[in-house]
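Read through the structure below, which is laid out as structure tokens, and then see the notes.
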Amino acid sequence: VFKRFVEIGRVAFISFGPHAGKLVAIVDVIDQNRALVDGPCSGVRRQAMPFKCMQLTDFVLKFPHSARQKCVRRAWEKENINEKWSATRWAKKIEAREKKAKMTDFDRYKVMKAKKMRNRIIKHEMKKLQRMASKKGKKPGKPEKAAKGKKPEKAPKAKKPEKAPAPKAQKAQK
Amino acid sequence: MAGEKAPEKKPAEKKPAKKKAGEKKPAEQKPSQKAAGDKKKRVKKYHASRNPVLARGIGRYSRSAMYARKALYKRKYTAPETKIEKKKKEMPRATITKPVGGDKNGGSRVVKIRKMPRYYPTEDVPRKLLSHGKKPFCEHKRRLRGSITPGTVLILLTGRHRGKRVVFLKQLDTGLLLVTGPLAVNRVPLRRAHQKFVIATSTKVDLTGVKIPKHLTDSYFKKKRLRKPKHQEGEIFDTEKEKYELTEQRKADQKAVDSQILARIKKVPQLRGYLRSTFSLSNGVYPHKLVF
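Those protein sequences? They're chains X and D, same order as listed.
Quick note on numbering: this note's numbering labels position 143 of the first sequence as 143, and the sequence is numbered without any gaps.
Quick note on numbering: this note's numbering labels position 18 of the second sequence as 192, and the sequence is numbered without any gaps.
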């Protein structure tokens with residue numbers, strides 16, 4: 001049922017508070033509600049932090065309990081947590097959300113145009129396949145549809161100018 | 175500092191003065207020219223206060239003592255007379271002789287130019303108390319939001335062009351913003367817009383080197399009202415110019431400005447389409463959360 005546990009070395013994401021948005025490693029448990037936490041590579045000083053503001057990630061580091069910051073840093077850099085974190089979908093979603101909030105009016109227009117173009121191409125292909133399917137009969141048409149549906153999605157991505165892939169990437173992750 | 179200034183000016187004064195005199199006798203000339211030069215230029219040297227301060231607001235010497243100390247008995251100035259004489263000569267004409275028609279009338283009358291008032295009110299208007307800081311509209315301070323700079327794309331919120339995205343050109347004297355579609359892009363001509371009823375986006379068109387004609391002022395854009403009532407009560411409402419007529423000058427000005435701007439708009443990809451589109455809100459879109 002539970003896959004991520006609070007343990008020494010568990011990397012957690014801070015969801016609210018002064019250090020919102022940063023990653024920390026749990027160094028020790030103080031009592032039922034608080035943990036001693038340290039984020040040497042993310043700019044969080046060693047401190048007590050309530051569990052409520054922490055969200056557990058999939059990463060666990062190896063260091064003994066109450067290890068000093070140097071050890072935590074060493075383990076963190078060895079595991080390359082920062083890079084692994086930015087590769088996760090979680091981090092990407094956060095980044096996409098931030099980008100979306102920062103969009104200016106012009107950016108929103110460009111995204112709208114890009115989406116429209118993309119949807120048009122997809123619809124066009126779909127219609128084609130539907131027509132073919134209705135012509136040939138339903139059985140031979142079905143497996144072809146599933147294979148061909150993926151292709152048009154990749155073609156428009158390659159065509160668009162610089163800005164569009166960024167807003168489109170956001171859109172894809174929504 | 176004052177002491178240094180005087181000798182600096184003297185050598186400067188000497189040279190032109192010398193050239194003017196024609197280099198007569200340099201040895202003799204020097205002291206006299208120096209004196210002349212001094213008298214001309216020393217007016218600017220002010221003496222420090224001759225009345226030492228005993229306590230704040232209280233000086234050592236009385237008025238009469240100061241009079242003597244400052245040698246004011248020597249310094250009595252009268253206004254240059256020539257001006258008074260001039261003014262006496264230049265008094266404006268008080269009367270004028272006008273011809274008068276009719277027989278046996280003497281042909282002309284001497285008439286006063288500035289006549290006595292024909293009416294004095296029974297009660298004088300009470301003198302108004304002094305007020306400060308109440309300026310007429312023409313002297314008001316015009317402000318412009320920091321986010322609005324020449325070339326900014328604005329979203330008009332009111333008027334017949336509401337929702338349209340438009341390029342800002344400059345702020346006029348009354349504080350209104352001069353704005354253009356450009357016309358070819360979204361049918362908004364050179365027009366005035368009010369700062370308060372406009373959203374400034376962060377998109378900017380580079381307008382360096384764009385020259386806006388100087389005659390585009392508020393009076394150029396002001397609505398013209400025909401005011402010639404001929405006391406015909408039936409038709410007063412029709413004679414007002416309700417229909418706006420497009421003049422050739424407007425067309426020429428529009429062309430002159432737009433040609434420069436359109437070239438710059440075309441350089442930015444998708445900007446033309448952006449200016450053609452209109453702004454609207456839909457479900458889930460909240461203006462306070464949008465970054466413009």
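For every residue, glycine included, the Cβ atom is placed at its ideal position computed from N, Cα and C.
Every value quoted in this text rests on a predicted model; they were computed, and no experiment measured them.
Proximal chain X residues relative to residue i, where beta-carbon distance stays under 9 angstroms
i: V353/D; result: Those within 9 angstroms of V353/D in chain X number zero; the least Cβ separation is about 16 angstroms.
Residue-level contact to chain C via CB, residue i, 8 angstroms cutoff
i: V465/D; result: Judged by its chain identifiers, the structure shown contains no chain C, and its protein chains are X and D.
Residue-chain proximity (residue i, chain X), Cβ-Cβ < 8 angstroms
i: K320/D; result: At residue 320/D the sequence reads Gly, which differs from the Lys that was named. Taking Cβ atoms only, chain X never reaches closer than 8 angstroms to G320/D, which makes this a no.
i: T375/D; result: yes
Per-residue contacts from residue i into chain D (C-beta, under 8 angstroms)
i: M103/X; result: V465
Closer than 8 angstroms to chain D by CB, residue i
i: R136/X; result: The sequence given here has Lys at residue 136/X, not Arg. Chain D contact via Cβ: absent.
i: N5/X; result: For clarity, residue 5/X is Phe in the given sequence; the question names Asn instead. False, the Cβ-Cβ gap to chain D never drops below 8 angstroms.
i: F59/X; result: no
i: F106/X; result: yes
Same chain, Cβ closer than 8 angstroms to residue i, five either side skipped, listed in chain order
i: K52/X; result: N33
i: R288/D; result: A268
i: V359/D; result: L436, I439, R446, L449 and R450
i: D28/X; result: I8, A35, L36, H65 and S66
i: S282/D; result: T271, K272, P273 and V274
i: S456/D; result: none
i: T391/D; result: L346 and D347
Closer than 8 angstroms at the beta carbon, the chain X residues around residue i
i: G447/D; result: Y109 and K113
Under the three-state DSSP convention, the category residue i falls into
i: M240/D; result: helix
i: R361/D; result: coil
i: L436/D; result: helix
i: L228/D; result: strand
i: G447/D; result: helix
i: F453/D; result: coil
i: F342/D; result: strand
i: T252/D; result: coil
i: Q69/X; result: helix
i: G149/X; result: Here G149/X scores only 48 on pLDDT, less than 50, and its place in the model should not be relied on; the value that follows carries that caveat. DSSP places G149/X in helix when its eight states are reduced to three.
i: K272/D; result: strand
i: V217/D; result: helix
i: S376/D; result: strand
i: F371/D; result: helix
i: F13/X; result: strand
i: R292/D; result: coil
Spatial neighbours of residue i in its chain, beta-carbon cut-off 7 angstroms, leaving aside the 5 residues before and after
i: S236/D; result: none
i: N82/X; result: C41
i: G39/X; result: K22, L23, V24 and A25
i: T452/D; result: G337 and K338
i: I30/X; result: L36 and A48
9 angstroms Cβ cut-off: residues of chain D touching residue i
i: F16/X; result: By Cβ distance, chain D contributes nothing, its closest Cβ being about 19 angstroms from F16/X, past 9 angstroms.
Same chain only: Cβ atoms within 6 angstroms of residue i, ignoring 5 sequence neighbours per side
i: R336/D; result: L330
i: P226/D; result: R234
i: V362/D; result: H335, K338, V340 and G355
i: L318/D; result: Q345
i: K174/X; result: Low confidence applies here, because K174/X scores a pLDDT of 40, under 50, leaving its location unreliable and the question unanswered by this model.
i: V353/D; result: V340, F342, R365 and A367
i: K263/D; result: none
i: K286/D; result: T269
i: K378/D; result: G325 and T326
* **Under 8 angstroms (Cβ pairs) to chain X, residues found in the stretch 437 to 462 of chain D** => Those residues of the stretch 437 to 462 of chain D that come within reach of chain X (Cβ to Cβ, closer than 8 angstroms) are P443, Q444, L445, G447, Y448, S451 and F453.
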